[in-house]
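Residue numbers for the sequence shown follow my numbering, beginning at 816 and rising by one. Just so you know, even glycine gets a beta-carbon here, dropped at the ideal spot from N, CA and C.
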Amino acid sequence: MAHIKAAITGVGAYVPEYILTNAELSTMVDTTDEWIMTRIGIRERHIIKEENEGSSFVGEKAVRQLLEKTNTDPSEVDLVICATVTPDMQFPATANVISDKVGIKNAFSFDLNAGCSGFLFALETASKFVESGKYKKVVVVGAEKMSSIVDYTDRATCCIFGDGAGAVMLEPTEDEFGIIDSKLQTDGVGRVHLHQVAGGSQKPASHETVDARQHFIYQEGQPVFKWAVSKMADVSVEMMENNNIAPENLTWLVPHQANLRIIEAVARRMGIKKEQVMINIEKYGNTTAATLPLCLHDWEPQLKKGDNIILTTFGAGFTWGAMYLKWGYDPR
Ligand code: UT7
């Protein structure tokens, strides 16, 4: 029997309506559109303003669109994995909430946290379930309400992050398309540079933690920047070498959208042109686990069967990785 591979068979996405512009941010902290555009490359980001809504608000909409676009009845879905660092609640899993909201009742579902690499780690995990032959329709969704953990008095982080969600369907295939190779890695020494100090079991919420603003993102930008460039570039080059992909034969690089300068440096080290790179950081900012599926969603109309695509991410942990896949369908 031919080896079963996992292929992406559809993409859905959703970003909230409210747009936070650099102009508005400039009224909140000491910053300028010029600084944000030249240092990070973000013009605007979407923010969930709806009351009492968490990441499942955007995740639900992305998955709903995915089910519609792929003509999937919710009862057919076998598994839902939600990548997020901003779950609706500590428990139950946001994947459980999203499944309930969209009417997925015959699946099991769980969350996965790998910082900004969450979607890639979830895609890898999901692909193994599909390759086992037991699971036929697996939904991977990256959903974030980063605005719930952003300190809007800290100019070094508040310009970066946005809210949003993206989802893909993974299904088995025996042809040459689908996920072909991957390499994922973690190094916990990086945790000191990027984390949320309080709110976990080590330092539960208290008046003191709230007063000390410890429930927000803590990031030391420069070490994270350096690691991100070298790790994403190294692992992406490794994917190219292991699979004999010359730079001109790579159709698309889909990089995590954290900083335009990081993306450009990674592309340079891979020897590819900017035209081969999916970049939408300008309109969404860094949506953490949602950046990759938001790219795939925006580019889906121009993706063709057989396109050589490398996905790459870097995030808190540190976590990083790359995945090589051949796109499985022409524009519908
Ligand atoms: O997605 C997870 C992974 N995360 C990343 O990949 C993020 C990686 N890091 C970065 O993207 C960049 O390091 C940042 C965008 C976070 C910061 O950019 P930078 O070029 O590394 O700036 P910096 O932290 O070295 O700060 C340079 C200066 C400082 O001023 P002084 O000390 O030189 O006077 C900052 O206070 O820029 C200042 N600054 C700002 N100025 C205007 C920092 N943020 C701002 C701002 N507006 N928003």
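- Secondary structure remark: continuous beta strand (DSSP E) runs of at least 3 residues inside the region 964-1012, in chain order: 979-988, 993-1001 and 1009-1011.
- In this model, Thr968 and Leu1118 are separated by some 40 Å (Cα to Cα).
- When secondary structure is reduced to three states using DSSP, Gly1086 falls in the coil class, being assigned neither helix nor strand.
- Under the three-state reduction of DSSP, Arg860 is assigned to strand.
- For the set Lys998, Asp845, Lys820 and Ala828, the Cα lying nearest the Cα of Glu883 is the one of Ala828.
- Distance from the CA of Val912 to the CA of Thr899, rounded to the nearest whole angstrom, comes to 13 Å.
- Close CB contacts of Lys920 within its chain, under the 8 Å cut and outside five residues either way in sequence, are with Pro889, Ser890 and Ser914 (chain order).
- Asn928 sits in coil when the DSSP states are folded into three classes, being neither helix nor strand.
- Cβ neighbours of Gln1029 within its own chain (closer than 6 Å, five residues either side excluded): Val1012 and Ala1013.
- At least 7 Å separates the beta-carbon of Ala1048 from that of Ala980.
- Taken from the Cβ of Gly1132, every heavy atom of the ligand UT7 lies 6 Å or farther away.
- In chain order, His1008 place their CB closer than 6 Å to the CB of Glu1035, counting only its own chain and leaving out the 5 sequence neighbours on each side.
- Sequence-distant partners of Val965 (beyond 5 residues in either direction) whose C-beta falls short of 7 Å from its own C-beta, in its chain, are Thr972, Cys973, Phe976, Phe1031 and Ile1032.
- For Gln1017, no alpha helix (DSSP H) run applies, since DSSP gives it neither H nor E.
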